[in-house]
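Following the working numbering from start to finish, the sequence shown increments by one per residue and tops out at 439.
C-beta atoms are modelled at their ideal positions from N, C-alpha and C, and glycine is treated no differently.
Everything below concerns the one structure shown next.
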Amino acid sequence: MSVLSGRAGTVAPSGAGTHGDANALLAEIEGIGLAPDGGGYTRPVFSPAELRLRSWFTAHAEARGLAVETDRNGIIWAWWDVAGGPTATATARRDAIVTGSHLDSVPGGGNFDGPLGVVSALAAVDLLRDRGVRPVRPLAVAVFPEEEGSRFGIACLGSRLLAGAVAPERVHALVDDSGSTFDEVAAGAGFDASGIGPDPDRLGDISAFVELHVEQGRGLVDLDQPVALAGAIIAHGRWHLRIEGRGDHAGATRMADRSDPVIVASEAIRSVRQRALAVDDARGTVGRIKVVPGGTNVIASAVDLWIDVRHRDVERVRRIVEQVVADTRRAAEAEDCTLAVAEQSFSPTVSFDPELRDRMQAVLPGAPVLDTGAGHDAGVLAASIPTGMLFVRNPSGASHTPAESAEPADVAAGVEALARVLEHLVTR
Ligand code: HGY
Ligand code: MN
Ligand code: MN
12 MSVLSGRAGT VAPSGAGTHG DANALLAEIE GIGLAPDGGG YTRPVFSPAE
62 LRLRSWFTAH AEARGLAVET DRNGIIWAWW DVAGGPTATA TARRDAIVTG
112 SHLDSVPGGG NFDGPLGVVS ALAAVDLLRD RGVRPVRPLA VAVFPEEEGS
162 RFGIACLGSR LLAGAVAPER VHALVDDSGS TFDEVAAGAG FDASGIGPDP
212 DRLGDISAFV ELHVEQGRGL VDLDQPVALA GAIIAHGRWH LRIEGRGDHA
262 GATRMADRSD PVIVASEAIR SVRQRALAVD DARGTVGRIK VVPGGTNVIA
312 SAVDLWIDVR HRDVERVRRI VEQVVADTRR AAEAEDCTLA VAEQSFSPTV
362 SFDPELRDRM QAVLPGAPVL DTGAGHDAGV LAASIPTGML FVRNPSGASH
412 TPAESAEPAD VAAGVEALAR VLEHLVTR
C-alpha cells in the first residue's frame, strides 16, 4: 500500500487523549513542517511534512475503525459505514455525507488552515459515536491534496481532478520549482498518478459535503460569535507572467543598453496594486516572484511572477487582469522585453447550496452567514454536489501566516457545530 495512504510514516496517534478533542489532535501535529525559527508551516503536497500528516491522519482514522482508502486522485477517504449495511465498498456507499478539508499549506502558513477541518471532523465522529448516533447513510472524512496549489500552481487540485474541472493531461505536465513533474513527485511519494482524472461515480454517491475551516478574516471577531455558516466565496484566479529580457553584466552594461525584465515586473506589481485599488472591494496580490538567474551583479534575463486577483464580480476580476496585462505589455515594449501570460486557475463566485445551508442553519440557530475571500475545496465541489462550510473564529483574522489562530473554546464550539450538522445529515 503506498505511503500516500499513510501505511508508512512515523507519526502514530497518541490515542485516547485526543478522543473528541480537536485541540489535542492539533497539538499532535503542531511541530510537523514548522520552520525552526517558528516562521510558519510549510507543508507542500507530497512533501515529507505532508506525507507525515497523511500518515498521522490515516492512523487516527483507522484507530477509530474507519475504513481508509486513497483514490485515483490522491484524496484520502476515511469511511464510517452503515452498521449492518451493504458490504462496505466504494460502490456500496450511496448518498454519503462527507466532511474534511486539506493538510497541505502555503509556504510559511498557519497550523489551522486545512488541518482544523480535518481534526474537527475526526473529533465530530467521536462525539457522534459517544452520543450513540447510528448513521443511516455512510459518512466519510476526506483529505484533499494540493488545496493551496503551492507546489504545482493550481488551487484545489485534488477536488478539481475529482470534479473534472482540470484536464489530467495538464496535471501530468505540471512541474514544481525544482522542475520535477507532478507524476515524478507523486511517484516519489508512493502514489501512481497514472489514473488521475474525473470520478463521476464517486462524486455521484455523495449527497453533501460540509467543510469546517478557520475563518480567514475578522467577521466572527466583529460579530463576537464562535462559528458561522458560509454564504459565498468570491471569484478568484491566478495568472503566471513570464517576462524575458537580456541578461548582462551589472557593471559593464550602460543604462541605455539594457532590456531589464525586472523593470517590467516592477510595473506589473505597481499595476496590480493600482488596478485593484481602483475597484471597490477587489483584491490584487503579487506574492511570488522569481528573478532569473538572481545574481546581485547580474541584469536578469527573465522574471517569473504570479498574480492573484479576486472580486465578487467575475467580470471585474477579468477586467483588472486585462488592465494589468496591458500595463505590463506597454512596459515590456518600452524595455525591449517579451511578456507571456498564462492563466493557472480560476474559480467563479460560488454561492453555497441554499437548501443545505438552511438545514445547517436549522441545527445552528443564530449562527451568522459570512462570505469569504478565500477559496476552498467545498467551493470547487459546489458545482457538482451540495456543499456547505462552517467557519471558526480567528482572533487575528490573519491567515497564510503564523499569526493565524483559533481559541481552544472556539475550536470546541466548531466541533460541536459540525457534529450537530453531521448528525442531522447522516440520520435522515
Ligand atoms: O488561496 C486561497 O484562497 C485558499 O487559501 N487556497
Ligand atoms: Mn489557504
Ligand atoms: Mn484552506
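Residues in its own chain within less than 6 Å of residue i by CB, not counting five upstream and five downstream?
i      : result
Ile300 : Leu316
Leu172 : Asn84, Ile207
Thr349 : Glu255
Leu37  : Val130
Pro209 : Gly175
Arg431 : Val374
In the DSSP output, what is residue i paired with across the bridge?
i      : result
Gly509 : Given that the chain is displayed from residue 12 to residue 439, the structure contains no residue 509 and the question cannot be resolved.
Trp91  : Leu150
Met400 : Glu222
Asp315 : Arg253, Lys301
His183 : Bridge partners of His183: none, in fact.
Gly120 : Tyr52
Thr296 : Asp319
Considering residue i, what are the terminal residues of the alpha helix (DSSP H) in which it resides?
i      : result
Ile331 : 325–345
His435 : 419–437
Ala198 : 193–199
Val130 : 126–141
Arg65  : 59–74
Leu214 : 211–215
Ala389 : 388–392
How is residue i classed by DSSP in three states: helix, strand or coil?
i      : result
Leu375 : coil
Arg162 : coil
Thr29  : helix
Ile274 : helix
Ala243 : strand
Glu107 : Looking at the sequence itself, residue 107 is Ala, so the reference to Glu does not match. In the structure shown, Ala107 sits in a strand (DSSP, three-state: E or B).
Glu441 : This structure does not reach residue 441, given that the chain is present from 12 up to 439, and the question cannot be answered.
Glu157 : coil
Glu366 : helix
Arg286 : helix
Asp259 : strand
Leu173 : helix
Leu231 : helix
Glu41  : coil
Arg281 : helix
Leu350 : strand
Ser205 : helix
Val144 : coil
What number of angstroms, rounded off, separates the C-alpha of residue i from the C-alpha of residue j?
i      : j      : result
Gly125 : Asp292 : 25 Å
Ala74  : Pro237 : 29 Å
Gly120 : His247 : 19 Å
Val6   : Gly425 : The chain is shown only over 12 to 439; residue 6 falls outside these bounds and no answer can be derived.
Asp347 : Trp67  : 52 Å
Val336 : Gly306 : 27 Å
Pro156 : Arg162 : 11 Å
Arg104 : His411 : 35 Å
Thr102 : Val186 : Below a pLDDT of 50, predicted positions are generally treated as unreliable, and Thr102, at 49, falls in that range; the measurement from the model is reported next regardless. Straight-line Cα distance between these residues: approximately 34 Å.
Arg269 : Gly258 : 9 Å
Gly190 : Arg249 : 20 Å
Asp32  : Met400 : 20 Å
Ala263 : Asp271 : 14 Å
Which residues in the same chain as residue i place their Cβ atom closer than 8 Å to its Cβ, once the five residues preceding and following it in sequence are excluded?
i      : result
His260 : Asn308, Val309, Ile310
Asn405 : Phe123, Val225, Glu226, Gln227, Gly228, Arg229, Leu231, Val232, Glu415, Ser416, Ala417
Glu333 : none
Taking 6 Å as the cut-off, is the CB of residue i close to at least one heavy atom of ligand 5?
i      : result
Gly125 : Ligands present in the displayed structure are limited to ligand 1, ligand 2 and ligand 3, and ligand 5 is not among them.
For residue i, I'd like the list of residues in its chain whose CB is within less than 7 Å of its CB, leaving aside the five on either flank, ordered along the chain.
i      : result
Glu434 : Leu139, Val144
Arg327 : Val290, Ala293
Gly390 : Ile244, Ser358, Val361
Gln372 : Leu240, Ala378
Let me see if you follow: with CB-CB separation under 7 Å, is residue i close to chain C or not?
i      : result
Asp106 : Judged by its chain identifiers, the structure shown contains no chain C, having just a single protein chain.
Ends of the beta strand (DSSP E) at residue i?
i      : result
Ala78  : 78–81
Leu381 : 380–383
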